[in-house]
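Engineer: Encoded as structure tokens, here's the structure I'll be asking about.
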Amino acid sequence: MVRKTVLATTVATATVMVATLGAVPAEATTHYYPDISETSVPKAVCGPGSLPEPGLQGDVSAEDRNSGRSRLGYRCNITKLGNVRGAGGGIVSVTFDHCSYTGSLFPGTNLVPQPGVQVVDVSNPRRPRVAGSLDEPAMRGGTWETLKVNHKRKLLAATSVPLLWGGGFFSVYDISDCEHPRLLNRGAGTKTPLPFDSHEGGFSPDGRTYWASGIFPGHLSAIDISNPAAPTVIWQGLHSVLGHGFGISPNGNRMYLSNAAGITVLDISDIQKRKPYPRVPHVAAYLWPDGQVNQHTIPVTYGGNPYILTADELGSGGVKVFDVTKPNRPRYVSQIKLEINLPENLDTNLRSSMGGSVFNSNPHYCSADRPHNPTALACSWESSGIRVFDIRDPHKISEIAYYNPPAQKGATIVDLPNSAHVLASISGAPAVEFLSFGMSVLNGKVRLDQAIGPRTADRDDRGR
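Residue numbers for the sequence shown, in mature numbering (1 follows the signal peptide of the UniProt record, and there is no 0): -28 to -1, 1 to 436.
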């Protein structure tokens, strides 16, 4: 792993943020991590019954796509038990008890017999079944990355995001009986819009606040759901040019908010404490060129010390691990990349992905098995499928399993109108990788002719 150099400078944009985020602490700093990691985690050792990847870790090669091998899928130490195809899987899904809730995609979700968020009973994992759907305006408007569960209060919530950006409609459900969610906010906020926008959203750990993050222009809203029957927007502000997902510390006082090139750390303790005139000051920003459009952050602890695991949705940045014992002086610990994400392999990455999707081999959402001393991290790695890592030692992370389902031939948006993957496949060009690929070209890591050659072109003999 390339050792990271850390540069700390005073936040240059502090004066812009004062009006909307309150006073900025004097110690607020920007920490820049300039290096590009050139090391992948060790490959999983596959046991009996596996159907492993034959080449680069995480790669569905051009040759496999052309020959039809990709229609068999790839698996290592994971066995599929069952599935529900339906009309497609939206952007994210969440689970509670024996139920799974499948996100909706606008407008396609409104073209199926049961529009909105699908409620799936997985009590028999070999034969999951659709138990019903949630069809309030927030659920039919496309939930994008806002569909979330709070296990402590047994709540499910989402906002309406028709295409990348939306808001206004917000629904909260009691999922004590997970197969039959009960709508709680039947007044304003269900059929009457609330004043907020969103692309992503999620609960505070205690479940009293739902945060909505609008991707442009970095608009953040806090919705008080102490009484979920009457949601109320209690704070709003602008934090940067682009906002995305986030993670919140266990005490609810600190937010690690994704931005275009890293993370913005915010002090949200005034919101957590319900102070009458709340401020949300900047604590720090962590920025890097290795990956773009940070997706979300998972706060965990090792030996009682706070760490974060944070995924970049674009640019082959993988998942980064930081020790945030001192959030204004974070310590880079390690990084999770697959072989297909290494700078020297981005020509293969691009060639393999042509004709597939706007998105390719990058982490989207990850989940740790437990918040304290976690042992495993599972990530949806877009075109590389589900990847599972051993994270017992954050300094020595390795891959332990993966599952990449069989490719489907001929599936269209007509067949799967609720599928974001099918929608993103219309263009066929992996646009999200062009910036990282360009940097690799400039650094002499890859060859342009190798990336844009025909899918059937043989890889050169550079020994990788």
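Where a beta carbon is used, it is the ideal one built from N, C-alpha and C, also for glycine.
1) What is the residue span of the beta strand (DSSP E) that Thr320 lies within?
2) Asn317: which of Gln422, Leu192, Lys52 sits nearest, CA to CA?
3) For the region 167 to 248, list the alpha helix (DSSP H) runs that are entirely contained and at least 4 residues long, ordered along the chain.
4) By the 10 Å Cβ neighbour count, where 16 or more other Cβ atoms means buried, how is Pro271 classified, buried or exposed?
5) At a cut of 8 angstroms, does the region 302 to 312 reach the region 375 to 383 through at least three beta carbon pairs?
6) Answer yes or no: do Val144 and Leu127 have a C-beta to C-beta separation smaller than 9 angstroms?
7) Suppose the cutoff is 7 angstroms on Cβ atoms and the five residues either side in sequence are ignored; what does the same chain contact list for Gly234 look like?
8) Alpha carbons only, please: which of Ser72, Pro109, Ser170, Trp116 is nearest the one belonging to Pro97?
9) Three or more C-beta pairs closer than 8 angstroms, one from the region 8 to 16 and one from the region 364 to 375: is that the case here?
10) As a quick exercise: from Thr67, Leu119, Gly357, Pro85, pick the residue whose alpha carbon is nearest that of Gly173.
11) For Gly104, tell me which candidate among Pro343, His393, Val84 has the shortest Cα-Cα distance.
12) Tell me where the beta strand (DSSP E) around Ala257 begins and ends.
13) Which residue comes first and which comes last in the alpha helix (DSSP H) that contains Ala38?
14) Specify, as a first and last residue, the run of the alpha helix (DSSP H) that Pro109 falls within.
15) Leaving out five residues before and five after Asn55 in sequence, what residues of the same chain have Cβ atoms less than 8 angstroms from its Cβ?
16) Assign Val121 to one of three DSSP states: helix, strand, or coil.
17) Rounded to whole angstroms, what's the CA-CA distance from Arg419 to Ser391? Just pull it up for me.
18) Name the two residues that bound the continuous beta strand (DSSP E) containing Asp341.
19) So for Ile312, helix, strand or coil by DSSP?
20) Pull up the DSSP beta-bridge partners for Glu371, would you.
21) So if DSSP puts Tyr279 in a beta bridge, which residue, or which two residues, is it bridged to?
22) Quick check for students: name the residue ranges of the beta strand (DSSP E) that lie wholly in the region 19 to 80, counting only runs of 3 or more.
23) Rounding to the nearest angstrom, what Cα-Cα distance links Tyr274 and Leu322 in this structure?
24) Give me the Cα-Cα distance between Val386 and Gly139, rounded to the nearest whole angstrom.
25) My output table needs one value for Ser95: the three-state DSSP class, helix, strand or coil.
26) Check Val265 in the structure and name its three-state DSSP category.
27) Count the other C-beta atoms from every protein chain shown that fall within 10 angstroms of the C-beta of Pro248, then say buried if there are 16 or more, exposed otherwise.
28) Taking the beta strand (DSSP E) that Arg101 belongs to, which residues open and close that run?
Structural biologist: Taking the definition as stated:
1) Element bounds for Thr320: not the beta strand (DSSP E) but the alpha helix (DSSP H), 318 to 325.
2) Gln422
3) 241 to 244
4) buried
5) no
6) yes
7) Ala257, Tyr258, Leu259, Trp260, Asn266
8) Ser72
9) yes
10) Leu119
11) Val84
12) 254 to 259
13) Inspection of the sequence shows that residue 38 is occupied by Asn rather than by Ala. It spans 34 to 39 - the alpha helix (DSSP H) in which Asn38 sits, taken as one unbroken run.
14) 109 to 112
15) Pro100
16) strand
17) 34 angstroms
18) Where Asp341 is concerned, there is no enclosing beta strand (DSSP E), given that its DSSP letter is neither H nor E.
19) Looking at Ile312 - three-state DSSP - the assignment turns out to be helix.
20) Phe361
21) Val272, Asp295, per the DSSP bridge assignment.
22) 46 to 48, 65 to 68, 71 to 74
23) 37 angstroms
24) Between the alpha carbons of Val386 and Gly139 lies a gap of roughly 26 angstroms.
25) coil
26) If DSSP states are grouped into helix, strand and coil, Val265 belongs with the strands.
27) exposed
28) 101 to 106
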